[in-house]
Amino acid sequence: MATAYTPGLQVTDCMRYRARRVLPIAGDVLVAVGDRVGARDVVAKTELPGDATPINLANQLSLMPADVPECMLKQEGDRVEVGDVLARTKGIFGMFKAEYVSKVSGVIESVSHVTGQVIIRGESIPVEVRAFAAGEVVEVMPGEGVIVEADVSFVQGIFGIGGEAFGPIVMACQDHTQEFSADLIRDDMRGAIVIGGARMPGETIRRAIDFGVAAVISGGMDDSDLKDVLGYDLGVAVTGTERIGITVIITEGFGEIAMAQKTFALLASRAGAEAAVNGATQIRAGVLRPEIVIPVDAGTTDTSTHASTGTHIASVLEPGTSVRIIRDPYFGVIGTVAGLPSEPMVLGSGSKARVLEVACESGEKLTVPRANVEIIGG
Amino acid sequence: MTTLNPDQINVILATDCGSTTTKAILIEKIDGQYRQTHRGEAPTTVEQPVADVTAGVINAATEVGELAGRRLVNEQGQIIRPAKPASGGQPPEGCDIYISTSSAGGGLQMLVTGVVREMTAASAKRAALGAGAIVMDTIASNDRRKPHEQIQRIRELRPDMILMSGGTDGGTIEHVVEIAELIAPAKPQPRFGTGYRMPVIYAGNKEAAKFVAETFDDSVDLTVVENIRPVLERENLGPARDQIHDVFLEHVMAHAPGYDKLIDWTDAPIMPTPGAVGDILQQIAKARGINVVGVDIGGATTDVFSVFDGPEGEPVFNRTVSANLGMSYSISNVCAEAGMPSVLRWVHFDMDERELRNRVKNKMIRPTTIPQTLEALVFEQAVSREALRLAYIQHREFATTLKGVQQQRTVGDTFSQQKSGQSIVDNMKLDLLVASGGVLSHAPRMEQTASMLIDAFEPEGVTELAKDSIFMMPHLGVLASVHSRAALEVFEKDCLIYLGTCVAAKGRTKPGKQCFSYEISGSTLNERGEMSFGDVRLFPLGLGETARITVEPARGFDVGGGPGKRVEREVRGGTVGLILDARGRPLILPEDRAECRRTVKEWSESLRLYEGSGSPRRR
Numbered sequence: 001m002a003t004a005y006t007p008g009l010q011v012t013d014c015m016r017y018r019a020r021r022v023l024p025i026a027g028d029v030l031v032a033v034g035d036r037v038g039a040r041d042v043v044a045k046t047e048l049p050g051d052a053t054p055i056n057l058a059n060q061l062s063l064m065p066a067d068v069p070e071c072m073l074k075q076e077g078d079r080v081e082v083g084d085v086l087a088r089t090k091g092i093f094g095m096f097k098a099e100y101v102s103k104v105s106g107v108i109e110s111v112s113h114v115t116g117q118v119i120i121r122g123e124s125i126p127v128e129v130r131a132f133a134a135g136e137v138v139e140v141m142p143g144e145g146v147i148v149e150a151d152v153s154f155v156q157g158i159f160g161i162g163g164e165a166f167g168p169i170v171m172a173c174q175d176h177t178q179e180f181s182a183d184l185i186r187d188d189m190r191g192a193i194v195i196g197g198a199r200m201p202g203e204t205i206r207r208a209i210d211f212g213v214a215a216v217i218s219g220g221m222d223d224s225d226l227k228d229v230l231g232y233d234l235g236v237a238v239t240g241t242e243r244i245g246i247t248v249i250i251t252e253g254f255g256e257i258a259m260a261q262k263t264f265a266l267l268a269s270r271a272g273a274e275a276a277v278n279g280a281t282q283i284r285a286g287v288l289r290p291e292i293v294i295p296v297d298a299g300t301t302d303t304s305t306h307a308s309t310g311t312h313i314a315s316v317l318e319p320g321t322s323v324r325i326i327r328d329p330y331f332g333v334i335g336t337v338a339g340l341p342s343e344p345m346v347l348g349s350g351s352k353a354r355v356l357e358v359a360c361e362s363g364e365k366l367t368v369p370r371a372n373v374e375i376i377g378g
Numbered sequence: 379m380t381t382l383n384p385d386q387i388n389v390i391l392a393t394d395c396g397s398t399t400t401k402a403i404l405i406e407k408i409d410g411q412y413r414q415t416h417r418g419e420a421p422t423t424v425e426q427p428v429a430d431v432t433a434g435v436i437n438a439a440t441e442v443g444e445l446a447g448r449r450l451v452n453e454q455g456q457i458i459r460p461a462k463p464a465s466g467g468q469p470p471e472g473c474d475i476y477i478s479t480s481s482a483g484g485g486l487q488m489l490v491t492g493v494v495r496e497m498t499a500a501s502a503k504r505a506a507l508g509a510g511a512i513v514m515d516t517i518a519s520n521d522r523r524k525p526h527e528q529i530q531r532i533r534e535l536r537p538d539m540i541l542m543s544g545g546t547d548g549g550t551i552e553h554v555v556e557i558a559e560l561i562a563p564a565k566p567q568p569r570f571g572t573g574y575r576m577p578v579i580y581a582g583n584k585e586a587a588k589f590v591a592e593t594f595d596d597s598v599d600l601t602v603v604e605n606i607r608p609v610l611e612r613e614n615l616g617p618a619r620d621q622i623h624d625v626f627l628e629h630v631m632a633h634a635p636g637y638d639k640l641i642d643w644t645d646a647p648i649m650p651t652p653g654a655v656g657d658i659l660q661q662i663a664k665a666r667g668i669n670v671v672g673v674d675i676g677g678a679t680t681d682v683f684s685v686f687d688g689p690e691g692e693p694v695f696n697r698t699v700s701a702n703l704g705m706s707y708s709i710s711n712v713c714a715e716a717g718m719p720s721v722l723r724w725v726h727f728d729m730d731e732r733e734l735r736n737r738v739k740n741k742m743i744r745p746t747t748i749p750q751t752l753e754a755l756v757f758e759q760a761v762s763r764e765a766l767r768l769a770y771i772q773h774r775e776f777a778t779t780l781k782g783v784q785q786q787r788t789v790g791d792t793f794s795q796q797k798s799g800q801s802i803v804d805n806m807k808l809d810l811l812v813a814s815g816g817v818l819s820h821a822p823r824m825e826q827t828a829s830m831l832i833d834a835f836e837p838e839g840v841t842e843l844a845k846d847s848i849f850m851m852p853h854l855g856v857l858a859s860v861h862s863r864a865a866l867e868v869f870e871k872d873c874l875i876y877l878g879t880c881v882a883a884k885g886r887t888k889p890g891k892q893c894f895s896y897e898i899s900g901s902t903l904n905e906r907g908e909m910s911f912g913d914v915r916l917f918p919l920g921l922g923e924t925a926r927i928t929v930e931p932a933r934g935f936d937v938g939g940g941p942g943k944r945v946e947r948e949v950r951g952g953t954v955g956l957i958l959d960a961r962g963r964p965l966i967l968p969e970d971r972a973e974c975r976r977t978v979k980e981w982s983e984s985l986r987l988y989e990g991s992g993s994p995r996r997r
């Protein structure tokens with residue numbers, strides 16, 4: 001029987017998760033191999049050079065650039081505070097001296113005799129990297145960061161906005177097909193990772209922000225709601241840096257779509273557990289999907305068969321495999337592969353493509369391009 | 379790298395390592411002519427778990443070898459050279475040269491700087507784009523950002539390299555050094571690897587070079603080349619472009635997984651894919667003495683290439699990359715930039731906007747899906763028209779005569795005065811429009827490809843339309859650098875599939891009024907008639923066939939001879955045929971939605987765009 005490969009999102013109750021946590025520039029690693037760390041523990045930190053402010057003193061003091069260095073009252077490496085006199089001209093016969101008073105504080109980095117420009121470097125910006133997954137440090141990259149491994153329940157979403165967030169899992173919907181309406185957000189959900197079911201309207205997200213919810217996760221949402229929440233129309237799926245006061249993850253796609261039952265059941269089974277989520281999505285080369293990471297107590301589950309790095313995987317598509325159709329006109333329909341005809345077929349669009357037959361839960365049998373399904377489950 | 383006599387090159391293997399797929403083609407000399415004979419592809423292996431680009435190359439080469447019945451890869455996983463004929467019951471093996479292009483890992487990403495945005499910075503941008511780079515940003519003294527904002531921006535970017543320009547030779551030093559003083563404190567980090575210094579190429583005022591060098595510390599690797607704009611009236615892009623290619627190989631490629639091996643394997647320097655496409659288009663324009671526009675629409679970006687006669691009559695090459703106009707990753711951005719009403723005007727039936735918006739986003743997050751229904755196909759092709767239209771607008775605005783050039787005028791120029799900085803892209807002078815990229819190359823009917831090209835680019839006068847059969851232009855571009863005859867022969871015979879010719883009148887009038895009359899005579903096609911304004915008509919004229927057409931435009935319309943002037947030309951047929959387009963230029967669709975739908979439906983029927991499409995069936 002024919003088989004094919006197709007990408008799928010990972011949903012697994014227990015696997016070995018490997019988190020690579022690195023600094024943007026070289027810095028200090030604060031933990032050692034073998035250390036146990038919590039998700040919110042800082043494992044590495046550094047300081048980014050502060051903002052550089054250029055000041056053209058030649059223009060400000062009406063000097064030739066070459067004359068600027070000798071008019072400087074502070075030299076390279078000196079500290080400057082707001083209000084300090086940075087430079088003073090010699091004036092005419094000692095009279096009519098002009099001076100420049102600094103409007104910024106920092107350290108003088110350079111004084112140019114070619115342009116008459118002075119660069120003042122502001123306070124450095126501290127950067128901390130947290131462990132993200134509660135587990136064990138298995139590798140230290142000196143000056144760069146660490147690798148943390150943990151046994152976790154793991155769910156990949158399809159799309160998200162907002163960065164890393166932490167909190168306990170709280171279920172808002174009763175089942176995976178229930179709309180995640182705004183009235184399901186309660187006051188006691190502050191700081192929690194709240195799980196919905198089907199479509200999540202924009203009103204729900206706004207209410208969750210008002211209530212201080214850390215993250216909301218549901219099956220789908222409308223693009224128009226995403227636009228409202230963000231304040232702009234998202235052009236490309238490169239996200240994670242949004243500052244909207246919450247992390248939002250959808251597990252299935254845009255529109256009226258329920259969360260996959262397996263995903264919902266897994267999250268429900270971990271209700272109350274501390275989780276870490278990240279909405280960062282990058283759909284380009286080196287695809288990055290949002291993640292929901294829920295540590296599993298060591299020793300409670302056999303993880304030997306679930307060794308995985310938590311990345312996007314490809315799986316074999318064969319008769320009996322559970323799939324979701326991910327393109328109109330059957331978007332969201334779930335079923336199992338009933339056949340994989342080897343000959344390409346002409347589609348309604350007129351294109352010729354390799355197809356598969358899907359036996360739907362409703363009993364209907366659909367023929368769709370192989371490119372338009374994804375494997376569900378882990 | 380070996381040096382071979384071109385006459386002794388009989389078998390050529392070429393690969394293009396893309397972000398997702400490595401495509402290999404085999405070119406063989408058959409009866410004294412170079413022909414592309416087989417092709418194969420395999421997933422690119424730059425990323426984990428393989429992290430070695432040569433694995434994908436070997437897989438693609440093995441597939442080509444199996445199809446060709448020629449052993450191309452030996453037991454050690456290396457490409458066999460030179461080519462040997464079959465002997466002793468053994469199949470033929472090897473190739474005489476192996477060449478490659480690459481856009482894996484996001485291609486070549488650059489930051490460019492100059493003093494004046496429209497002058498030296500524009501020249502630097504042209505050099506970078508011509509070399510095949512994506513320009514992440516252009517920093518200039520007059521780019522309306524404050525210096526601290528410019529420094530912040532440089533800090534945020536992680537380019538592969540920086541190209542600095544500024545000042546004519548003997549001109550400003552101060553402004554050039556000021557730009558260096560923005561880069562130095564920003565301490566830009568290279569995109570790949572932490573172990574090497576940011577490459578900076580300086581191609582500005584030669585007298586400022588030593589001051590620029592003094593500004594940088596050892597965190598950058600500075601090289602100085604000839605000024606990109608030695609005088610305002612002339613660009614000198616060659617040295618900067620060559621240096622970009624060298625740095626690309628020495629720094630960027632050398633730090634990408636497996637490229638050190640690939641560089642050793644190839645018989646010509648690895649080129650960035652778009653740079654190679656630009657090279658082959660320039661070669662073809664030069665060889666045929668024509669003006670050419672090429673377009674490659676991908677999932678994330680759209681590249682437009684053009685070769686047009688410059689002000690002095692010399693061919694001028696331009697390339698633009700529209701970074702966020704594409705058909706999958708960037709489809710949502712196309713809809714946002716163009717606006718949904720602009721996309722929907724090309725759709726001849728009603729669609730629910732809320733559902734469409736969700737569909738667009740679903741395509742963005744699952745970019746590999748394909749349209750199953752006719753409705754979905756029509757919508758995607760509508761999006762492509764807008765993506766191509768926007769990309770071409772950007773290209774026309776970029777491809778200009780040099781700005782800031784003082785012009786000497788005589789009394790005779792009084793009525794034809796042209797400012798510097800005019801676009802050199804003139805659709806009336808366009809001879810050949812070449813399409814590539816999934817939505818154009820894989821359209822179920824080639825009539826759809828032709829229609830998308832005409833609607834988006836609005837060619838005027840007589841224009842041949844073609845498509846790149848299997849996106850072979852990158853391979854041929856790099857081949858042109860070592861064997862231009864082979865590259866040109868394969869380009870003409872195997873690379874291009876001619877769709878036909880479009881004859882379009884420039885001008886506008888009321889619908890139904892006469893636009894032009896025509897007479898076509900050929901061995902298979904003899905027609906005469908009149909075209910009313912708003913009409914578009916398709917005539918059968920097959921591949922390899924030609925016909926003579928005489929067009930008599932109505933007053934105010936121009937088909938290349940001037941307003942109202944008769945034009946007589948030989949036209950080339952193709953897989954689509956001859957298209958007479960009297961819809962006017964600029965092409966304006968009715969504002970009323972119902973009327974627009976009716977009009978677009980008539981056009982699609984005239985061009986037989988969706989004939990035979992319907993419910994799914996097995997062929």
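If you read the protein sequences in the order shown, they are chains A and B.
FYI, the numbering for the first sequence is 1 to 378, going by this note's numbering.
FYI, the numbering for the second sequence is 379 to 997, going by this note's numbering.
Ideal Cβ placement from N, Cα and C applies to all residues, glycine included.
Predicted model, so just to flag it, every value in this text is computed and none were measured.
Residue i: buried (16+ other C-beta within 10 angstroms of its C-beta) or exposed?
i                  : result
Ala-271 of chain A : exposed
Thr-601 of chain B : exposed
Lys-97 of chain A  : exposed
Ser-706 of chain B : buried
Val-682 of chain B : buried
Gly-653 of chain B : buried
Tyr-896 of chain B : buried
His-998 of chain B : Residue 998 of chain B cannot be examined here, being either before or after the span of chain B that is shown, 379 to 997.
Pro-469 of chain B : exposed
Leu-73 of chain A  : exposed
Out of the options, state which residue places its alpha-carbon closest to the alpha-carbon of residue i.
i                  : options                                       : result
Glu-274 of chain A : A:Val-333, A:Glu-203, A:Ala-134 and A:Thr-53  : A:Ala-134
Leu-811 of chain B : B:Met-542, B:Phe-626, B:Arg-612 and B:Gly-672 : B:Gly-672
Tyr-580 of chain B : B:Arg-619, B:Tyr-574, B:Leu-958 and B:Gly-510 : B:Arg-619
Asn-904 of chain B : B:Ser-862, B:Val-949, B:Gly-885 and B:Val-945 : B:Val-949
Thr-516 of chain B : B:Ser-501, B:Gly-508, B:His-861 and B:Gly-510 : B:Ser-501
Ile-246 of chain A : A:Ala-276, A:Ile-205 and A:Ser-218            : A:Ile-205
Leu-226 of chain A : A:Ala-165, A:Ile-249 and A:Arg-130            : A:Ile-249
Asp-474 of chain B : B:Glu-527, B:Asn-383 and B:Ala-446            : B:Asn-383
What are the boundary residues of the beta strand (DSSP E) that includes residue i?
i                  : result
Phe-776 of chain B : Careful: Phe-776 of chain B lies outside any beta strand (DSSP E), inside the alpha helix (DSSP H) at 752-776.
Ile-294 of chain A : 291-295
Ser-218 of chain A : 215-221
For residue i and residue j, which I take to be in contact (beta-carbon distance under 8 Å), what is that distance rounded to the nearest angstrom?
i                  : j                  : result
Gly-350 of chain A : Met-259 of chain A : Going by Cβ atoms, the distance from Gly-350 of chain A to Met-259 of chain A rounds to 35 Å, so no, they are not a contact pair.
Start and end of the alpha helix (DSSP H) containing residue i?
i                  : result
Ile-743 of chain B : 731-743
Pro-563 of chain B : 552-564
Pro-617 of chain B : 616-625
For chain D, check one thing: does any of its Cβ atoms lie closer than 7 Å to the Cβ of residue i?
i                  : result
Glu-109 of chain A : Looking for chain D here will not work: the only protein chains present are A and B.
Against chain B, which members of the segment 212-239 of chain A pass a CB distance test of less than 7 Å?
Identification of residues in the segment 212-239 of chain A having a C-beta nearer than 7 Å to some C-beta of chain B yields Asp-222, Asp-223, Ser-224, Asp-233, Leu-234, Gly-235, Val-236 and Ala-237, given in sequence order.
Of the residues that make up the segment 336-349 of chain A, which ones have a beta carbon closer than 7 Å to any beta carbon in chain B?
Against chain B - using a Cβ distance shorter than 7 Å - the residues of the segment 336-349 of chain A are Met-345, Val-346, Leu-347, Gly-348 and Ser-349.
Please list the residues of the segment 688-715 of chain B that have a C-beta atom closer than 7 Å to any C-beta atom in chain A, keeping them in chain order.
Using a CB distance below 7 Å, the part of the segment 688-715 of chain B facing chain A consists of Asn-702, Tyr-707, Ser-708, Ser-710, Asn-711 and Ala-714, ordered along the chain.
For the segment 908-922 of chain B, enumerate the residues whose C-beta is nearer than 7 Å to any C-beta of chain A, in chain order.
Answer in chain order: no residues at all.
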